[in-house]
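Undergrad: In my numbering, the protein residues as written are 17 to 238.
Put into structure tokens, the structure is as follows:
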């Protein structure tokens, strides 16, 4: 994991597994809530990496009642809770993306996720950042000043450019999470009462990400 330019504020944990190195760690500060926060221990990071693998496979493998997305740019569109799949990439490159309704959103894409400079994701009608999942087949990039919501699980890297804000969690399975003067806000807990509840709480995953007593933000470099 790397924090390269400017001060970044994180809600919860940061961590890496396997390994321990975090470049630019002195540029990070942590919000008072949730707790615990700060640098995750080797054991916590390893457990989170294993649970992340389970959650990522679950999210990427779902196919029941899937809606295919046939456009590249989903900016300007409104989505309600459900399972969505793009055969290649997704981006928010013009217009605001609206996520509307109290339920779980899962977006699967075979390749990249891009949110362009200044573009936003907006929650409506009870939608919660903790109920939104981005299953990214390769890399995710959030450009300068963009606003992103949800849990991002990328197979390779995640790059968050200067001034971008994330309400959610960032997980890279096989690459770095790079932060540059960002705010990473941990999302409010979700109600676990829908058909998709297990994606939010696979075995042990709640101890790192979902339990009210030990919520934490844990970008992971694989």
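Yeah, the Cβ is synthetic: ideal placement off N, Cα and C, and Gly gets one too.
1. Identify which residue in 194, 198 and 84 has its Cα closest to the Cα of residue 32.
2. Does residue 74 pass the burial test, meaning 16 or more other C-beta atoms within 10 Å, or should it be called exposed?
3. Would DSSP call residue 68 helix, strand or coil?
4. Can you give the Cα-Cα distance for residue 26 and residue 85, rounded to whole angstroms?
5. Residue ranges of each beta strand (DSSP E) run of no fewer than 3 residues wholly in the stretch 20-89, ordered along the chain?
6. Which residue wins for smallest C-alpha separation from residue 199, given the options 109, 177 and 56?
7. Roughly how many angstroms separate the alpha carbons of residue 183 and residue 152, rounded to a whole number?
8. What do you get for residue 68, buried or exposed, if any count of 16 or more other CB atoms within 10 angstroms of its CB means buried?
9. Go to residue 144, then tell me how far its beta strand (DSSP E) extends in each direction, as first and last residue.
10. Return yes when the Cβ of residue 159 is within less than 8 Å of the Cβ of residue 138, no when it is not.
11. Considering only DSSP beta bridges, list what residue 125 is partnered with.
12. Over what stretch of residues does the beta strand (DSSP E) that includes residue 202 continue unbroken?
13. In angstroms with no decimal places, state the Cα-to-Cα distance between residue 101 and residue 171.
14. Within this structure, are the beta carbons of residue 162 and residue 125 separated by less than 8 Å?
15. Just to confirm before moving on: does the CB-CB distance between residue 96 and residue 111 stay below 8 Å?
16. Quick check: residue 146 and residue 205, are their CB atoms within less than 8 Å of each other?
17. Along the beta strand (DSSP E) that carries residue 169, what are the first and last residues, could you check?
18. When you compare only the Cα positions, how much space is there between residue 148 and residue 165?
19. Within the same chain, show all residues whose beta-carbon is closer than 6 Å to that of residue 212, passing over the 5 residues directly before and after it, in chain order.
20. Note down, in chain order, each residue of its chain lying with its Cβ closer than 7 Å to the Cβ of residue 76, except the 5 sequence neighbours on either side.
21. To which residues of the same chain is residue 143 closer than 7 Å at the C-beta, ignoring the five residues directly before and after it?
TA: Here's the rundown:
1. Taking the first residue of the chain shown as position 1, residue 32 is located at position 16. Selected option, being the one with the closest Cα: 194.
2. For the purposes of this step, residue 74 is taken as residue 58 along the chain shown, with counting starting at 1. Classification for residue 74: buried.
3. The sequence position of residue 68 within the chain shown is 52, counting from 1. In the three-state scheme derived from DSSP, where H, G and I count as helix and E and B as strand, residue 68 is classed as helix.
4. One-based indexing of the chain shown puts residue 26 at position 10. One-based indexing of the chain shown puts residue 85 at position 69. Straight-line Cα distance between these residues: approximately 32 Å.
5. Contiguous beta strand (DSSP E) elements confined to the stretch 20-89 occur at 24-26, 44-46 and 82-85, taking only those with 3 or more residues.
6. Within the chain shown, the letter at position 183 stands for residue 199. For the residues 109, 177 and 56, the minimum Cα distance to residue 199 belongs to 177.
7. On the chain shown, position 167 is the one that residue 183 refers to. On the chain shown, position 136 is the one that residue 152 refers to. Each residue's alpha carbon lies about 17 Å from the other.
8. Mapped onto the chain shown, residue 68 falls at position 52. Result: buried.
9. Residue 144 sits at position 128 when you count from the first residue of the chain shown. For residue 144, no beta strand (DSSP E) segment is defined, and its DSSP state is neither H nor E.
10. Start at 1 with the first residue of the chain shown, and residue 138 comes out as number 122. Start at 1 with the first residue of the chain shown, and residue 159 comes out as number 143. The Cβ atoms of residue 138 and residue 159 do not sit closer than 8 Å to each other.
11. Mapped onto the chain shown, residue 125 falls at position 109. Per DSSP, 102 and 152.
12. What you label residue 202 is simply residue 186 of the chain shown in a count that begins at 1. Here residue 202 belongs to no beta strand (DSSP E), and DSSP marks it neither H nor E.
13. As a working note, residue 101 is residue 85 in the chain shown. As a working note, residue 171 is residue 155 in the chain shown. So the alpha carbons of these two residues sit roughly 16 Å apart.
14. As a first step, residue 162 must be located in the chain shown, where it is residue number 146. As a first step, residue 125 must be located in the chain shown, where it is residue number 109. At the C-beta level, residue 162 and residue 125 stay beyond 8 Å of one another.
15. As a first step, residue 96 must be located in the chain shown, where it is residue number 80. As a first step, residue 111 must be located in the chain shown, where it is residue number 95. No, these two residues do not count as a Cβ contact at 8 Å.
16. Mapped onto the chain shown, residue 146 falls at position 130. Mapped onto the chain shown, residue 205 falls at position 189. Going by C-beta atoms, residue 146 is nearer than 8 Å to residue 205.
17. For the purposes of this step, residue 169 is taken as the residue at position 153 of the chain shown. DSSP places residue 169 in the uninterrupted beta strand (DSSP E) bounded by 163-170.
18. Looking up residue 148 in the chain shown gives position 132. Looking up residue 165 in the chain shown gives position 149. Going from the Cα of residue 148 to the Cα of residue 165 covers about 7 Å.
19. Here residue 212 corresponds to residue number 196 of the chain shown, with the count starting at 1. Low confidence applies to residue 212: its pLDDT is 42, below 50, so where it sits in the model is not reliable, and the reading given next is rough at best. Cβ neighbours of residue 212 beyond the five flanking positions: 120.
20. On the chain shown, position 60 is the one that residue 76 refers to. Closer than 7 Å at Cβ, skipping near neighbours: 124 and 151.
21. Here residue 143 refers to the residue found at position 127 of the chain shown. The beta carbon of residue 143 sits closer than 7 Å to those of 115, 116, 117 and 118, all from its chain and outside the five residues before and after it, given in chain order.
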